[in-house]
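Visitor: In this note's numbering, the protein residues as written are 9 to 300. Cβ atoms here follow ideal geometry from the backbone N, Cα and C, with glycine treated the same way. From a predicted model like this one, the values you see are computed outputs, not experimental measurements. Sharing a structure with you now.
And the structure:
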(Lines of atoms letter the chains of each structure in order from A; the text may use other names.)
(Lines give C-alpha, C1' and ligand atoms only; values in the text may rest on other atoms or scores of the structure.)
Protein backbone atom coordinates (compact mmCIF):
# COMPACT_ATOMS: atom_id res chain seq x y z
CA UNK A 9 0.00 0.00 0.00
CA UNK A 10 1.31 3.43 -0.95
CA UNK A 11 0.87 6.40 1.32
CA UNK A 12 0.31 9.80 -0.22
CA UNK A 13 2.39 12.51 1.37
CA UNK A 14 0.15 14.90 3.26
CA UNK A 15 0.21 18.50 2.16
CA UNK A 16 1.05 21.20 4.69
CA UNK A 17 -1.10 24.26 3.87
CA UNK A 18 0.82 26.53 6.24
CA UNK A 19 4.19 25.48 4.82
CA UNK A 20 2.90 25.90 1.26
CA UNK A 21 1.56 29.36 2.12
CA UNK A 22 4.88 30.38 3.68
CA UNK A 23 6.78 29.13 0.63
CA UNK A 24 4.49 31.06 -1.72
CA UNK A 25 4.91 34.23 0.33
CA UNK A 26 8.69 33.81 0.33
CA UNK A 27 8.78 33.40 -3.45
CA UNK A 28 6.68 36.56 -3.85
CA UNK A 29 9.17 38.56 -1.77
CA UNK A 30 11.31 40.76 -4.08
CA UNK A 31 14.24 40.24 -1.71
CA UNK A 32 15.58 36.72 -2.25
CA UNK A 33 18.30 36.80 0.43
CA UNK A 34 18.52 39.02 3.50
CA UNK A 35 21.84 39.28 5.30
CA UNK A 36 21.71 40.91 8.72
CA UNK A 37 24.53 41.59 11.20
CA UNK A 38 26.81 38.97 9.63
CA UNK A 39 30.12 38.54 11.43
CA UNK A 40 33.03 36.17 10.83
CA UNK A 41 36.60 36.11 12.07
CA UNK A 42 39.61 33.82 12.20
CA UNK A 43 42.16 33.51 15.00
CA UNK A 44 40.73 36.52 16.79
CA UNK A 45 40.75 38.75 13.69
CA UNK A 46 37.29 39.91 12.62
CA UNK A 47 36.88 39.91 8.82
CA UNK A 48 33.15 40.50 8.43
CA UNK A 49 32.02 43.14 10.90
CA UNK A 50 28.24 43.15 10.66
CA UNK A 51 27.32 42.88 6.98
CA UNK A 52 23.84 44.13 6.06
CA UNK A 53 22.75 43.27 2.52
CA UNK A 54 19.64 42.57 0.44
CA UNK A 55 19.97 40.38 -2.66
CA UNK A 56 17.07 41.03 -5.02
CA UNK A 57 15.14 38.21 -6.66
CA UNK A 58 15.64 37.76 -10.39
CA UNK A 59 18.11 40.62 -10.65
CA UNK A 60 21.86 40.86 -11.29
CA UNK A 61 23.30 41.84 -7.93
CA UNK A 62 26.99 42.78 -7.86
CA UNK A 63 29.39 43.03 -4.92
CA UNK A 64 32.53 45.08 -5.48
CA UNK A 65 35.46 45.77 -3.20
CA UNK A 66 39.23 45.78 -3.06
CA UNK A 67 41.51 42.95 -2.01
CA UNK A 68 41.05 42.09 1.65
CA UNK A 69 37.57 43.62 1.84
CA UNK A 70 36.07 40.26 2.80
CA UNK A 71 34.39 39.24 -0.49
CA UNK A 72 35.64 35.64 -0.44
CA UNK A 73 34.81 35.22 3.24
CA UNK A 74 31.33 36.61 2.62
CA UNK A 75 30.78 34.13 -0.23
CA UNK A 76 31.73 31.19 1.98
CA UNK A 77 29.22 32.29 4.62
CA UNK A 78 26.47 32.87 2.06
CA UNK A 79 26.90 29.34 0.71
CA UNK A 80 27.19 28.05 4.29
CA UNK A 81 30.54 26.44 3.54
CA UNK A 82 31.40 27.87 6.95
CA UNK A 83 29.26 28.83 9.93
CA UNK A 84 29.21 32.58 10.65
CA UNK A 85 30.10 33.75 14.15
CA UNK A 86 26.81 35.63 14.36
CA UNK A 87 24.10 37.22 12.26
CA UNK A 88 21.40 36.00 9.88
CA UNK A 89 21.31 34.80 6.28
CA UNK A 90 17.64 34.48 5.35
CA UNK A 91 17.00 32.61 2.08
CA UNK A 92 13.36 32.42 0.95
CA UNK A 93 12.27 33.23 4.49
CA UNK A 94 14.55 30.67 6.22
CA UNK A 95 17.53 31.68 8.34
CA UNK A 96 20.23 29.22 7.25
CA UNK A 97 22.87 30.18 9.84
CA UNK A 98 21.71 27.77 12.59
CA UNK A 99 21.00 24.85 10.24
CA UNK A 100 23.04 21.63 10.40
CA UNK A 101 24.50 19.87 7.35
CA UNK A 102 21.42 17.69 6.87
CA UNK A 103 19.07 20.66 7.05
CA UNK A 104 21.28 22.57 4.60
CA UNK A 105 20.94 19.99 1.82
CA UNK A 106 17.76 21.48 0.24
CA UNK A 107 19.08 25.01 0.80
CA UNK A 108 22.35 24.33 -0.99
CA UNK A 109 20.46 22.98 -3.98
CA UNK A 110 19.05 26.48 -4.42
CA UNK A 111 22.57 27.79 -5.11
CA UNK A 112 24.78 27.32 -8.15
CA UNK A 113 28.42 28.42 -8.11
CA UNK A 114 30.51 29.51 -11.09
CA UNK A 115 34.14 29.60 -10.02
CA UNK A 116 36.72 32.12 -11.18
CA UNK A 117 38.50 29.85 -13.63
CA UNK A 118 35.67 27.42 -14.35
CA UNK A 119 37.10 24.71 -12.06
CA UNK A 120 36.23 21.87 -14.44
CA UNK A 121 37.81 18.48 -13.81
CA UNK A 122 40.62 18.16 -16.37
CA UNK A 123 40.31 14.37 -16.62
CA UNK A 124 36.56 14.42 -17.30
CA UNK A 125 34.77 15.27 -20.52
CA UNK A 126 32.53 18.31 -20.61
CA UNK A 127 29.52 15.98 -20.42
CA UNK A 128 30.82 14.19 -17.31
CA UNK A 129 31.72 17.51 -15.67
CA UNK A 130 28.17 18.75 -16.10
CA UNK A 131 26.70 15.38 -15.09
CA UNK A 132 28.81 15.20 -11.92
CA UNK A 133 26.40 17.11 -9.60
CA UNK A 134 23.46 15.00 -10.80
CA UNK A 135 25.29 11.75 -10.15
CA UNK A 136 26.43 12.92 -6.73
CA UNK A 137 23.29 14.60 -5.43
CA UNK A 138 20.29 13.02 -7.17
CA UNK A 139 18.84 9.58 -7.83
CA UNK A 140 18.27 10.32 -11.52
CA UNK A 141 18.82 7.50 -14.01
CA UNK A 142 21.60 7.78 -16.60
CA UNK A 143 18.95 8.36 -19.26
CA UNK A 144 17.49 11.26 -17.28
CA UNK A 145 20.97 12.63 -16.59
CA UNK A 146 21.83 12.55 -20.29
CA UNK A 147 18.66 14.43 -21.17
CA UNK A 148 19.25 17.11 -18.52
CA UNK A 149 22.95 17.55 -19.33
CA UNK A 150 22.47 17.80 -23.09
CA UNK A 151 19.61 20.24 -22.59
CA UNK A 152 21.83 22.57 -20.56
CA UNK A 153 24.73 22.23 -23.00
CA UNK A 154 22.40 23.06 -25.88
CA UNK A 155 21.02 26.06 -23.95
CA UNK A 156 24.58 27.41 -23.72
CA UNK A 157 25.65 26.48 -27.26
CA UNK A 158 28.34 24.03 -26.18
CA UNK A 159 26.66 20.67 -26.91
CA UNK A 160 29.10 19.97 -29.74
CA UNK A 161 31.92 19.84 -27.16
CA UNK A 162 30.18 17.35 -24.86
CA UNK A 163 32.74 14.60 -25.35
CA UNK A 164 35.84 16.79 -25.33
CA UNK A 165 38.14 17.44 -22.38
CA UNK A 166 38.38 20.96 -20.92
CA UNK A 167 41.91 21.28 -22.29
CA UNK A 168 40.62 20.68 -25.81
CA UNK A 169 38.21 23.62 -25.90
CA UNK A 170 38.57 27.41 -25.71
CA UNK A 171 38.43 29.48 -22.54
CA UNK A 172 35.03 30.83 -23.53
CA UNK A 173 33.65 27.33 -23.99
CA UNK A 174 35.10 26.36 -20.62
CA UNK A 175 33.16 29.26 -19.07
CA UNK A 176 29.96 28.10 -20.77
CA UNK A 177 30.53 24.51 -19.68
CA UNK A 178 31.08 25.64 -16.08
CA UNK A 179 27.86 27.64 -16.26
CA UNK A 180 26.01 24.59 -17.60
CA UNK A 181 27.27 22.59 -14.62
CA UNK A 182 26.10 25.32 -12.23
CA UNK A 183 22.65 25.29 -13.84
CA UNK A 184 22.19 21.52 -14.08
CA UNK A 185 20.62 21.20 -10.60
CA UNK A 186 18.21 24.01 -11.52
CA UNK A 187 19.30 26.46 -8.81
CA UNK A 188 17.39 29.62 -7.95
CA UNK A 189 20.51 31.66 -7.15
CA UNK A 190 23.72 31.75 -9.20
CA UNK A 191 26.91 33.03 -7.57
CA UNK A 192 29.75 34.10 -9.87
CA UNK A 193 33.27 34.44 -8.47
CA UNK A 194 35.25 37.01 -10.51
CA UNK A 195 33.78 35.75 -13.82
CA UNK A 196 35.77 38.17 -16.00
CA UNK A 197 39.08 37.92 -14.14
CA UNK A 198 42.06 37.46 -16.46
CA UNK A 199 40.03 38.03 -19.63
CA UNK A 200 40.62 40.65 -22.31
CA UNK A 201 37.94 43.38 -22.64
CA UNK A 202 36.16 41.71 -25.55
CA UNK A 203 36.00 38.33 -23.81
CA UNK A 204 34.85 40.04 -20.60
CA UNK A 205 31.92 41.62 -22.39
CA UNK A 206 30.98 38.26 -23.89
CA UNK A 207 30.90 36.78 -20.39
CA UNK A 208 28.76 39.72 -19.24
CA UNK A 209 26.32 39.04 -22.06
CA UNK A 210 26.24 35.35 -21.14
CA UNK A 211 25.38 36.24 -17.54
CA UNK A 212 22.62 38.56 -18.72
CA UNK A 213 21.20 35.93 -21.09
CA UNK A 214 21.28 33.30 -18.33
CA UNK A 215 19.49 35.61 -15.92
CA UNK A 216 16.75 36.36 -18.43
CA UNK A 217 16.35 32.83 -19.81
CA UNK A 218 16.32 30.92 -16.52
CA UNK A 219 14.91 33.64 -14.25
CA UNK A 220 17.64 33.11 -11.68
CA UNK A 221 18.85 35.56 -9.07
CA UNK A 222 22.46 36.43 -9.89
CA UNK A 223 25.17 37.50 -7.45
CA UNK A 224 28.49 38.53 -8.98
CA UNK A 225 31.62 39.02 -6.88
CA UNK A 226 33.94 41.22 -8.92
CA UNK A 227 36.23 44.23 -9.13
CA UNK A 228 35.35 44.79 -12.81
CA UNK A 229 33.50 48.12 -12.82
CA UNK A 230 32.70 47.78 -16.53
CA UNK A 231 30.56 44.75 -15.65
CA UNK A 232 28.76 46.78 -12.99
CA UNK A 233 27.59 49.34 -15.52
CA UNK A 234 27.05 46.85 -18.34
CA UNK A 235 24.78 44.31 -16.64
CA UNK A 236 24.28 45.16 -12.96
CA UNK A 237 20.91 46.13 -11.53
CA UNK A 238 22.19 46.43 -7.94
CA UNK A 239 25.70 47.14 -6.73
CA UNK A 240 27.02 46.89 -3.17
CA UNK A 241 30.50 47.85 -2.02
CA UNK A 242 32.18 45.78 0.68
CA UNK A 243 34.85 47.74 2.54
CA UNK A 244 36.74 46.61 5.64
CA UNK A 245 34.15 43.96 6.44
CA UNK A 246 31.05 46.12 6.06
CA UNK A 247 28.73 47.18 3.25
CA UNK A 248 29.75 50.75 2.55
CA UNK A 249 26.93 51.43 0.11
CA UNK A 250 24.20 49.50 -1.71
CA UNK A 251 22.33 51.07 -4.61
CA UNK A 252 21.74 51.01 -8.36
CA UNK A 253 24.71 51.51 -10.72
CA UNK A 254 23.37 54.93 -11.70
CA UNK A 255 23.19 55.97 -8.06
CA UNK A 256 26.75 54.92 -7.27
CA UNK A 257 27.91 57.41 -9.90
CA UNK A 258 26.39 60.18 -7.78
CA UNK A 259 27.88 59.00 -4.49
CA UNK A 260 29.51 61.57 -2.21
CA UNK A 261 31.06 58.84 -0.04
CA UNK A 262 34.84 59.32 -0.20
CA UNK A 263 35.53 55.58 0.08
CA UNK A 264 33.25 54.91 -2.90
CA UNK A 265 34.72 57.77 -4.93
CA UNK A 266 38.29 56.61 -4.25
CA UNK A 267 37.39 53.07 -5.36
CA UNK A 268 35.77 54.37 -8.55
CA UNK A 269 38.83 56.48 -9.34
CA UNK A 270 41.18 53.55 -8.70
CA UNK A 271 39.01 51.44 -11.01
CA UNK A 272 39.45 53.90 -13.86
CA UNK A 273 36.10 55.66 -13.58
CA UNK A 274 36.71 59.39 -14.04
CA UNK A 275 35.34 61.70 -11.36
CA UNK A 276 34.53 65.39 -11.74
CA UNK A 277 33.83 67.09 -8.43
CA UNK A 278 31.32 69.45 -10.00
CA UNK A 279 29.55 67.24 -12.49
CA UNK A 280 29.75 63.87 -10.73
CA UNK A 281 31.10 60.66 -12.17
CA UNK A 282 31.28 59.69 -15.84
CA UNK A 283 30.50 56.03 -16.47
CA UNK A 284 32.77 53.91 -18.63
CA UNK A 285 31.98 53.42 -22.32
CA UNK A 286 29.11 51.01 -22.88
CA UNK A 287 27.22 52.05 -19.74
CA UNK A 288 23.58 50.99 -19.81
CA UNK A 289 20.94 52.35 -17.51
CA UNK A 290 20.01 49.95 -14.73
CA UNK A 291 16.43 48.98 -14.13
CA UNK A 292 14.57 51.37 -11.85
CA UNK A 293 13.52 50.30 -8.41
CA UNK A 294 14.18 50.78 -4.72
CA UNK A 295 17.67 50.20 -3.39
CA UNK A 296 18.30 48.74 0.06
CA UNK A 297 20.48 51.68 1.08
CA UNK A 298 21.02 54.92 -0.86
CA UNK A 299 24.52 55.88 -1.93
CA UNK A 300 26.18 58.33 0.41
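From 93, 100 and 165, pick the residue whose C-alpha is nearest to that of residue 84; which is it?
Guide: 100 is the residue among 93, 100 and 165 whose C-alpha sits nearest the C-alpha of residue 84.
Visitor: When DSSP builds the beta bridges, which residues end up paired with residue 61?
Guide: Within the DSSP secondary-structure output, residue 61 pairs in a beta bridge with 223 and 238.
Visitor: Would the segment 201 to 211 count as touching the segment 224 to 236 if we require 3 or more Cβ pairs under 8 Å?
Guide: Taking a contact to require three or more Cβ pairs closer than 8 Å, the segment 201 to 211 and the segment 224 to 236 qualify as touching.
Visitor: Just checking, does the segment 107 to 123 make contact with the segment 189 to 198 on the three C-beta pairs under 8 Å criterion?
Guide: yes
Visitor: Can you give me the start and stop residues for the beta strand (DSSP E) that residue 193 sits inside?
Guide: First-last of the beta strand (DSSP E) with residue 193: 189 to 193.
Visitor: Using 9 Å as the threshold, is the C-beta distance between residue 35 and residue 70 below it?
Guide: no
Visitor: Secondary structure at residue 163, three-state DSSP: helix, strand or coil?
Guide: coil
Visitor: Using 9 Å as the threshold, is the C-beta distance between residue 235 and residue 60 below it?
Guide: Yes, these two residues count as a Cβ contact at 9 Å.
Visitor: Once DSSP output is grouped into helix, strand and coil, what is the label at residue 254?
Guide: helix
Visitor: What are the boundary residues of the beta strand (DSSP E) that residue 52 is part of?
Guide: 45 to 56
Visitor: In chain order, what residues of the same chain lie with their CB nearer than 6 Å to the CB of residue 215, ignoring the 5 residues before and after it?
Guide: 60 and 222
Visitor: Whole beta strand (DSSP E) runs in the segment 89 to 165 with 3 or more residues, listed along the chain?
Guide: 111 to 114
Visitor: Look at the alpha carbon of residue 98 and the alpha carbon of residue 90, and state the distance between them as a whole number of angstroms.
Guide: 11 Å
Visitor: Express the C-alpha separation of residue 122 and residue 64 in angstroms, rounding to a whole number.
Guide: Taking C-alpha positions only, residue 64 is separated from residue 122 by approximately 30 Å.
Visitor: What does the alpha-carbon distance come out to for the pair residue 131 and residue 251?
Guide: 37 Å
Visitor: So, under 8 Å CB-CB, residue 152 and residue 178 are touching, yes? Tell me the CB distance rounded to an integer number of Å.
Guide: Incorrect: roughly 11 Å between the Cβ atoms, too far for contact.
Visitor: If you run the structure through DSSP and keep just helix, strand and coil, what is residue 31?
Guide: strand
Visitor: Can you list, in chain order, the residues of its chain with a C-beta nearer than 8 Å to that of residue 149? Leave out the 5 residues immediately preceding and following it.
Guide: 127, 130, 131, 134, 162, 180 and 184
Visitor: Looking at the strands, I want to know which residues DSSP matches up with residue 176.
Guide: Residue pairing by DSSP places residue 176 in no beta bridge whatsoever.
Visitor: Please name the residue, chosen from 82, 262, 219 and 268, that lies closest to residue 239 on a Cα-to-Cα basis.
Guide: Of the candidates 82, 262, 219 and 268, 268 places its Cα closest to the Cα of residue 239.
Visitor: Just to check my reading of the structure: residue 53 and residue 80 have Cβ atoms closer than 8 Å, yes? What is that Cβ distance to the nearest angstrom?
Guide: Not a contact, Cβ separation roughly 15 Å.
Visitor: Which of the three DSSP states is assigned to residue 212 in this structure?
Guide: helix
Visitor: Between 225, 206 and 172, which lies nearest to residue 78 when the distance is taken from Cα to Cα?
Guide: 225
Visitor: Where does residue 36 fall in DSSP's three states?
Guide: strand
Visitor: Quick check on DSSP: helix, strand or coil for residue 75?
Guide: Note: residue 75 maps to helix in three-state DSSP.
Visitor: Let's test the definition: count the other Cβ atoms within 10 Å of the Cβ of residue 245 and tell me whether it reaches 16, buried, or not, exposed.
Guide: buried
Visitor: Which residues in the same chain have their Cβ closer than 8 Å to the Cβ of residue 50, if we skip the five residues on either side of it in sequence?
Guide: 37, 38, 39, 87, 245 and 246
Visitor: Can you tell me which residues form a DSSP beta bridge with residue 247?
Guide: 242
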